[in-house]
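Going by my numbering, the sequence shown wraps up at 1965, each residue one higher than the last.
Heads up, the beta-carbon is just placed ideally off N, CA and C, and yes, glycines get one too.
Just so you know, these numbers come straight off a predicted model, no measurement behind them.
Here's the structure, in structure tokens; my notes come after.
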Amino acid sequence: MDGLAYVELVRAADLPAFIARASAGSGGQLAANGTFQVIPAGSRPFYCLASGAVSRNASGSAQMDGIDYCDSNATKALFLFARDSGNGVYVPYVTQKVAYLLIDTPVYRGAVMPTTLATRREAFLGAIGMTVYPGLVLDRALQGHRGTAVTFSYHAGSSTAVFSSGTALKGAVSTMINLHNGWTVTTFALVAGGAVFSNASALALLITGITLSLLLAILFFVLTTSRARALRLVGERTGELRHQALHDSLTGLPNRALIMDRIEQLLVRNRRHGTLGAALFIDLDDFKDVNDTLGHAAGDRLLVSVAARLEGALRDADTIGRMGGDEFVVLIDGASLQVAPELVAERLLDVMRRPFDLDGATLPLIVNVSVGIAIGDRTSPGDLLRDADVALYEAKASGKNRYEVFHPEMQTEVSRRTELEFALRSALEGDQFRLVYQPIYNLDDLTVVGVEALLRWEHPTQGLLQPDEFIPILEQTGQIREVGHWVLTTACTQMAQWHNQGNAMDISVNVSGRQLDSDDIINHVRDALNVSGLAATSLIIEVTETALMRNTTATAVRLAAIKELGAKIAVDDFGTGYSSLAYLRQFPVDCLKIDRMFTNAITTSPESKALIGTLVQLGKDLGLRTLAEGVETTDEMDLLRDQHVDEAQGFLLARPLDAETFEAQLLAPIRPIVLGGPTPDVTPRK
């Protein structure tokens, strides 16, 4: 044995105490001021420092003090492996051309070996490190036996340790003894056939060598078995890491990397056997609203429930994975495709239409499914996934809770969307945006009490485009903030002009969820009021119910700041999201705009009629005005009056008008509307 040391694992927080203890009693590496010095200096999460050491070298102990053995990646890996495995470990190393064997044995707090990885890490104190010099023992054993050499070799997996002594002369014959524990002994001598068996001295040498090897075998028995256990542990951990690299950590489903590999295999089988295959995307609509409303932990639990339900609806031969976020993918192999992919999509929609039970609450989900077919020139995973993605976009654009199968014609729509995105970059600078104004009426006397500003795009070649054709693109590209600022300023300026003409009305402006995600919205409202000179009390900021729920805390703060400027707040499309009137108490809301689907159903659905009555009553209890959107018939308007709704807008009353037509038709002075009177049909309805 060449040296022995006790090396402690010292965490960064405990380093000052260790230094103080070492400085008080250390005879080792001290700085000029007499303080224990860590070598190399620097801040690290933990250090491996010797608190006691002895060595054959008289100065060895002093040299060991202060050295951070974990500064070396190899030594640190050995040290931490000993900690985690609970077994002694070893590593051969060479210094100054001399081969040594370093043995580390872990030391834990308490009298019982911890049984789990977590408890071993918690109880770990350090390791007893022993340096062995096998070559010295061999040199002494071979003294007086010139021309003879002995080599001890250890081979296990990728680990090799070789210790040799003596000189083998030319013509020497080797004899190998396998000790069957990873170690072999090889002797070299000139006597043919007998090697070191040729005389008594040689035999004694062999016995001495074997005795030495047996002693070493005993010494390394634990090490070799520990090595085997270590290799098993590494294999297990490697398997775990491989699984983690290829599976989603939340749901345990295959992740994007594994899905891409599975698609590649699917395409190969399809080409080989001439079969079909399909990839289905499952997208949870407005999942972000669930996260923002109920919290990310609840959202995670919902994703796990969705994964389990989807798995239960599929065959073992099918693959389901999570691509990330709220998007799942299902792969149907041609070999097991016994029904059309459309029927699989319908089955998935059916199982997802059932509400989910989340923390005792019943939560319905809106789901869209798309299908990409692995046929034709679809030769890569990217091609197939792009097809499914295009079909998913079409499913979302066509409605909710539906599926779409990819057709090549859909690519035309994608190309058009790309063209619109490119054209939108210059639309604002090119003065291509327009505002139209839809009147809002008091239901008691049918006088105009306000207008809602609505955005249109005068495309250079495609004509007037509706909001649903370009606003989603503005939101996705982030341009909505700049365009929204323009809308606010233009609408406030127009209303200020009408005020100066003696027409006292409010102006309502829609603000998207993306605008509410930034504090810029507060500055944009302030700037629009300052530039236009409009009284803040005449501005109403409209926010959809789903946008209101995106990030409730931050949204409430920003809306409160807008309210402090003097503006009013209205909730648009109320009744279509996850909120409740009681929940709205935390927001500075002034008006509820009842969604058109309830308005249009009031004459045929007793439930819608009762719901509107309830909303109106609760709104009055909270001091909120109510406004019905989408009024199209006199029967609807009469029933809304019976329910005491305050205000209304819709095609029955007036369509959206440009500013000039609005002035000519409805202003100077403001007068009651004559039902059935002409209003120019200049734009489709909101």
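Check: Quick check on the DSSP output: what are the complete beta strand (DSSP E) runs of length 3 or more inside the segment 1760 to 1792, in order along the chain?; Outcome: 1785 to 1790
Check: I need the DSSP call for Y1412, collapsed to helix, strand or coil.; Outcome: coil
Check: When you compare the CB positions of A1770 and V1788, do they come within less than 7 Å of one another, or not?; Outcome: yes
Check: If you reduce the DSSP assignment to three classes, tell me which class G1282 lands in.; Outcome: strand
Check: Have a look at Y1285 and S1330 and give me their C-alpha separation to the nearest angstrom.; Outcome: 6 Å
Check: Measuring only the C-alpha atoms, how far is F1360 from L1525?; Outcome: 25 Å
Check: Rounded to a whole number of angstroms, what is the C-alpha to C-alpha distance between A1292 and G1321?; Outcome: 14 Å
Check: Can you find the residues in the same chain that come closer than 6 Å, C-beta to C-beta, to F1467, ignoring five residues on each side of it along the sequence?; Outcome: A1428, A1447, A1451 and S1453
Check: Here's a check: name, in chain order, each residue in its chain whose Cβ is nearer than 6 Å to the Cβ of G1763, leaving out the five neighbours to either side.; Outcome: Q1794
Check: So, T1572 versus M1774, is the Cβ gap smaller than 7 Å?; Outcome: no
Check: Closest by CA to V1924, which one among A1943, F1701 and L1722?; Outcome: L1722
Check: Any idea which residues DSSP pairs R1735 with across the strands?; Outcome: R1713
Check: Suppose only complete runs of 3+ residues qualify. What are the beta strand (DSSP E) ranges in the segment 1875 to 1927, listed by chain order?; Outcome: 1904 to 1907
Check: Would you call the CB atoms of L1966 and V1648 closer than 7 Å?; Outcome: Nothing about residue 1966 can be read from this structure; the chain reaches only from 1280 to 1965.
Check: Let me know if G1781 comes out buried or exposed under the rule of 16 or more other beta-carbons within 10 Å of its beta-carbon.; Outcome: exposed
Check: CA-CA distance, R1588 and F1635?; Outcome: 10 Å
Check: Any chance the segment 1712 to 1722 sits against the segment 1730 to 1749, with 3 or more Cβ pairs inside 8 Å?; Outcome: yes
Check: Which runs of the alpha helix (DSSP H), 4 residues or longer, sit entirely within the segment 1535 to 1568?; Outcome: 1535 to 1552
Check: Could you work out which residue in M1876, L1894 and V1289 is closest to E1911 when comparing CA atoms only?; Outcome: M1876
Check: DSSP state of T1454, grouped into three classes?; Outcome: strand
Check: How many Å lie between A1310 and S1364 at the Cα?; Outcome: Its pLDDT being 47, under 50, A1310 is placed unreliably in this model, and the value from its coordinates should be taken loosely. So the two alpha carbons sit approximately 36 Å from each other.
Check: Buried or exposed: where does A1640 fall if 16 or more other Cβ atoms within 10 Å of its Cβ makes it buried?; Outcome: exposed
Check: For R1300, name the three-state secondary structure that DSSP assigns.; Outcome: helix
Check: Is A1447 helix, strand or coil when you go by DSSP?; Outcome: coil
Check: Of the choices T1883, G1892, L1288 and Q1928, whose alpha-carbon is the least far from that of Y1387?; Outcome: L1288
Check: Exposed or buried, N1809, counting other C-beta atoms within 10 Å across all chains shown (16 or more means buried)?; Outcome: exposed
Check: Going by DSSP, which residues form a beta bridge with F1431?; Outcome: F1442 and V1464
Check: Could you compute how far the alpha carbon of V1630 sits from the alpha carbon of A1592?; Outcome: 7 Å
Check: Three-state secondary structure (DSSP) at L1529?; Outcome: coil
Check: Taking 7 Å as the cut-off, decide whether the C-beta atoms of I1841 and I1819 are in contact.; Outcome: no
Check: Taking 8 Å as the limit between beta carbons, can you name the residues of its chain near S1505, skipping five residues before and five after?; Outcome: At S1505, the pLDDT of 44 sits below 50, so the modelled position is not reliable and the matter cannot be decided from this model.
Check: Going by C-alpha to C-alpha distance, which of T1883, R1864 and P1885 sits closest to L1897?; Outcome: R1864
Check: Going by other Cβ atoms of all chains shown within 10 Å of its Cβ, with 16 needed for buried, is M1784 buried or exposed?; Outcome: buried
Check: In angstroms, rounded to a whole number, what distance separates the CA positions of E1700 and V1790?; Outcome: 20 Å
Check: Express the C-alpha separation of G1845 and R1601 in angstroms, rounding to a whole number.; Outcome: 46 Å
Check: Taking K1675 as the reference, give the member of P1751, C1327 and I1298 with the closest Cα.; Outcome: P1751
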